[in-house]
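Since the structure comes first, as C-alpha cells, the remarks are kept for the end.
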C-alpha cells in the first residue's frame, strides 16, 4: 500500500510508529475514487500515479492511516483531500460498512494483499468524486480510466501490493465486470 | 407500502396488474432520502406526508415498482424524481447492493412488513439528497427529521406497513441508534 | 439464467407466466454454493453442469424464481434443495442483504447479464454448503472448483448469460481475486 | 467494550499496549453470536454475562483485539472460542465485509460507542453458532435471548459502552425489528 507522508502525524514519532508497526496491525482506510453518471452508475475510476523510491512508477488508490481519536469518515475525507486536492468534492459514504476489508501482510501469500513495512488492515470504500482533482504531495497525476480500462490486465500490472485485486473487487461491488 | 400512481405505467392495465399482484411477487425499490454533512454522516431523514383514502395521514419513504426493461437504478431515480421533484439532486448509490430487502406480505406476521394489496419485495437504498425537494403528486409534504427524531416512537406511530422498521434499519445501517 | 422447471409452479400456467414475463420484471434468487474452511474462508465454488436444448453444456450457479407468498430465504432453500439434493445442508445467510443484484435483460448490453426469455432481477447470495450434493432434475453434475479455477477464463467460457460475471463478483465479495 | 485478557498476548507487554492505546486506534473484531433456523432466519441472540470490577454485571457480545500477523477471520475464531468454548461451532462469515464498523472513542458523544481505555475500531460480524456454548474465562454465563427480547429496553440497560446499539444494528441487519 502506498501513501503519502501524513500531514497530521498524530502523537507518534517516526521511530515509535516503526516500532508499533512491527507489533500491531495498523488501521487504514482506502478509497477508490469514481465518477458516476446521473443514475449513480460508475463510469470511471481514478488512480493516482506515484513515483517509487527506485525510480519506477505505479498507480494506486487513495490510502492512509486512521489517527488516534479520528473517525473513519474523517480519515477518509482527510486522505481524499490530501491526494485529490481541496476541490475534489468527494462524497464519503453514509454507511460505515466498507465494501471489503483488505488485509495487507508483511508476508506474501496470506491474503492477496502485501505490504513489506507492516500488517495493515484497510477498510475500503467506493467514493464518488464530483469536483476537480489536483493531486498533491507525492502523487504525480490522477488519471481517470473507464471501467473497461480499469478491468484490464495492463492497468493491473502497474499496481502494487495487491491493489489491482482491490480495484477489481471495487468494480465487482458496483456491478461491473471485475 | 404507499406509492403514487405510476406516471409511466408500462404495458399493463390496472386490471392486469391487479391480477398479477395476486399471483406473483412484485419487485419494488424503496429509497430513504437523507441529508448528509461534508463527511458523509447522515444528519436528517426525509419522510413524505401522504393522505390516505380514509382521511388520515401517514409518513413514508420513497417507494415504487420496477418496470419491465427498467434498471433498478433508473427505477430509483424515477421514483425519487416523482416524489421529490426535479431539482432534488438525489445521489443514487454506485453499488446495486441494497442495505436490506423488505418483504411485504399480504398476510401479517410473516415478516415485519405488510401490504394488503400484494406480495411486494423491495430492495431498499439510502439516498443522499443534495437539492431542494418539492413533493409532487399525492404527497402533501416532505419533512426533514433529525436522526434523533427519526429514531423516536412518535414518528414510527405515523408510519404504516412496517416502514418504521425499514426506517430504523436504515438508521442502523448508517451507524446511528435505530 | 438457467434453471430447472419449478417443482411447485404456484398459481400460474406456463402461458400466463410467459405473458407476464413479457411485461414485468421477474424476481429471482441466485445462490453461489461454496465450501468453506473452519475459519469461514471460501476454498471451493460449486457449479452445476447442465445440458442445453441445442446439445451443448454449460455451468451455472443455483437460480430460481421467488413464488407468490414465499420468503426470499425460503425460495433460496427450495432452489438449493432442488439443485443440490436433500442432504446438501446449505447455510442460507442470516441477513437478507444480497452481495449483489444481477439484472438480466432480454436485450444485450444494458447490464453484463442477459436472459433472452425475460427481464429477471436476481438477488444473489453466497451459500456455504456443508453436506453431500446430489444434483437432481436436469443438472447432470455438480463440480467443486478451487477459487483459483473459479477465477479462470476457461471456466468462464463455459458459463452463459453473464453468470461468469456473477461468479467473479462472488469471488470478489469473499475476498478472493475475481 | 469488554473483553477477556488475551490468551495469546502477542509481542507486547501490558505497559507497551497501554502506551500504544493512548496514541493509536486499536483494531478489534466483534461477533454477535446467533442461533438460526433451517432457513437461516435468526431466532436467538447470545450474550455473555460478565462481572465488572465494581461488582456489578453486564451483558456483552464477543469482542477482542486483532493481533499482529493475524487474519481478521482468525481473530474472530480465536475470540469466539475463547468466549464460547471449544465446541460452539461458530460459522465465521465467508465475506470479510462487516455488517458495520463500531468506533469506540475514549470521549463520549463522538459516536454512539464509548471505551474509556482506548480508541478502538471494531469490525462487527453476525456469527451463527451451531454447537454447545460453554463460556470460559471471566464470562459467567452465555444466555440466548429471542430476537424480541434482544430488541427490548431491559436488555439494553444491562449493556455498556454502546453495545446495545451494536446489538440493535445487528438485529436490523438480519431483517428484524431493531
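Residue numbers (the UniProt record's numbering), protein chains in the order written: chain C, 1 to 178; chain F, 1 to 178; chain S, 1 to 178; chain X, 1 to 178. All C-beta atoms in this analysis are idealised placements derived from N, C-alpha and C, irrespective of residue type, glycine included.
Residue-chain proximity (residue i, chain C), Cβ-Cβ < 8 angstroms
i, result
"residue 8 of chain F", "Here the model assigns residue 8 of chain F a pLDDT of 48, short of 50, so the residue's position is not dependable and the matter cannot be decided."
"residue 236 of chain S", "Because chain S in this structure spans residues 1 to 178, residue 236 of chain S falls outside the shown range and cannot be described."
"residue 173 of chain F", "yes"
Chain F contact for residue i (CB, 8 angstroms cutoff)
i, result
"residue 52 of chain S", "no"
"residue 1 of chain S", "no"
"residue 95 of chain C", "yes"
"residue 77 of chain C", "yes"
Rounded C-alpha distance that separates residue i from residue j
i, j, result
"residue 119 of chain C", "residue 15 of chain C", "16 angstroms"
"residue 59 of chain X", "residue 28 of chain X", "18 angstroms"
"residue 128 of chain F", "residue 173 of chain X", "20 angstroms"
"residue 122 of chain X", "residue 110 of chain X", "15 angstroms"
"residue 151 of chain C", "residue 147 of chain X", "43 angstroms"
"residue 8 of chain X", "residue 140 of chain X", "For residue 8 of chain X, the predicted structure reports a pLDDT of 48, less than 50, and the residue's modelled location is therefore unreliable. A value from the coordinates is still provided. The alpha-carbon atoms of residue 8 of chain X and residue 140 of chain X are separated by roughly 21 angstroms."
"residue 149 of chain F", "residue 103 of chain S", "36 angstroms"
"residue 54 of chain C", "residue 154 of chain C", "21 angstroms"
"residue 216 of chain F", "residue 132 of chain X", "This structure cannot settle anything about residue 216 of chain F, because the visible part of chain F is limited to 1 through 178."
"residue 38 of chain F", "residue 135 of chain F", "25 angstroms"
"residue 124 of chain C", "residue 96 of chain X", "11 angstroms"
"residue 74 of chain F", "residue 175 of chain C", "14 angstroms"
"residue 32 of chain S", "residue 107 of chain X", "43 angstroms"
"residue 92 of chain X", "residue 78 of chain X", "11 angstroms"
"residue 101 of chain F", "residue 19 of chain X", "44 angstroms"
"residue 144 of chain X", "residue 86 of chain S", "29 angstroms"
"residue 126 of chain X", "residue 84 of chain X", "15 angstroms"
"residue 81 of chain C", "residue 165 of chain S", "33 angstroms"
"residue 159 of chain F", "residue 159 of chain C", "50 angstroms"
Cβ-heavy atom distance, residue i to the ligand MG, below 7 angstroms
i, result
"residue 104 of chain F", "The ligand MG is not among the ligands present in this structure, which contains no ligands whatsoever."
Min CB distance residue i to chain S below 8 angstroms
i, result
"residue 30 of chain C", "no"
"residue 85 of chain X", "no"
"residue 98 of chain F", "yes"
"residue 147 of chain C", "no"
"residue 20 of chain C", "no"
Any chain X beta carbon closer than 8 angstroms to residue i
i, result
"residue 169 of chain F", "yes"
"residue 107 of chain F", "no"
"residue 40 of chain S", "yes"
"residue 91 of chain S", "yes"
"residue 111 of chain C", "yes"
Interface partners of residue i on chain S, CB under 8 angstroms
i, result
"residue 72 of chain F", "101, 103 and 121"
"residue 126 of chain X", "94 and 95"
"residue 12 of chain F", "23 and 24"
Simplified DSSP assignment, three categories, for residue i
i, result
"residue 71 of chain F", "coil"
"residue 47 of chain S", "strand"
"residue 97 of chain S", "coil"
"residue 164 of chain C", "helix"
"residue 153 of chain S", "helix"
"residue 148 of chain X", "helix"
"residue 89 of chain S", "coil"
"residue 119 of chain X", "coil"
"residue 56 of chain F", "coil"
"residue 12 of chain S", "coil"
"residue 126 of chain S", "strand"
"residue 37 of chain C", "coil"
"residue 176 of chain F", "coil"
"residue 30 of chain C", "strand"
"residue 141 of chain S", "strand"
For residue j and residue i, believed in contact at Cβ under 8 angstroms, the rounded distance
i, j, result
"residue 142 of chain X", "residue 45 of chain X", "Rounded, the Cβ-Cβ distance is 11 angstroms, inconsistent with contact."
"residue 40 of chain C", "residue 113 of chain C", "At roughly 28 angstroms, the Cβ-Cβ gap does not stay under 8 angstroms, so residue 40 of chain C and residue 113 of chain C are not in contact."
"residue 21 of chain X", "residue 117 of chain X", "6 angstroms"
"residue 88 of chain C", "residue 36 of chain F", "Contact flag wrong, Cβ pair sits at about 16 angstroms."
"residue 98 of chain F", "residue 178 of chain X", "With 8 angstroms as the limit, residue 98 of chain F and residue 178 of chain X do not qualify as a contact, their Cβ atoms being about 17 angstroms apart."
Neighbour list for residue i in chain C, Cβ cutoff strictly below 7 angstroms
i, result
"residue 36 of chain F", "94"
9 angstroms Cβ cut-off: residues of chain X touching residue i
i, result
"residue 69 of chain C", "25, 105, 106, 107, 110 and 119"
Proximal chain F residues relative to residue i, where beta-carbon distance stays under 8 angstroms
i, result
"residue 66 of chain S", "25 and 121"
Per-residue contacts from residue i into chain F (C-beta, under 7 angstroms)
i, result
"residue 33 of chain X", "Near residue 33 of chain X there are no residues of chain F at all, since even the closest Cβ is about 18 angstroms away, more than 7 angstroms."
Per-residue contacts from residue i into chain S (C-beta, under 7 angstroms)
i, result
"residue 178 of chain C", "168, 169, 172 and 178"
Beta-carbon neighbours of residue i, restricted to chain X and to distances below 7 angstroms
i, result
"residue 165 of chain F", "177"
Any chain B beta carbon closer than 8 angstroms to residue i
i, result
"residue 137 of chain F", "Of the protein chains in this structure, namely C, F, S and X, none is chain B."
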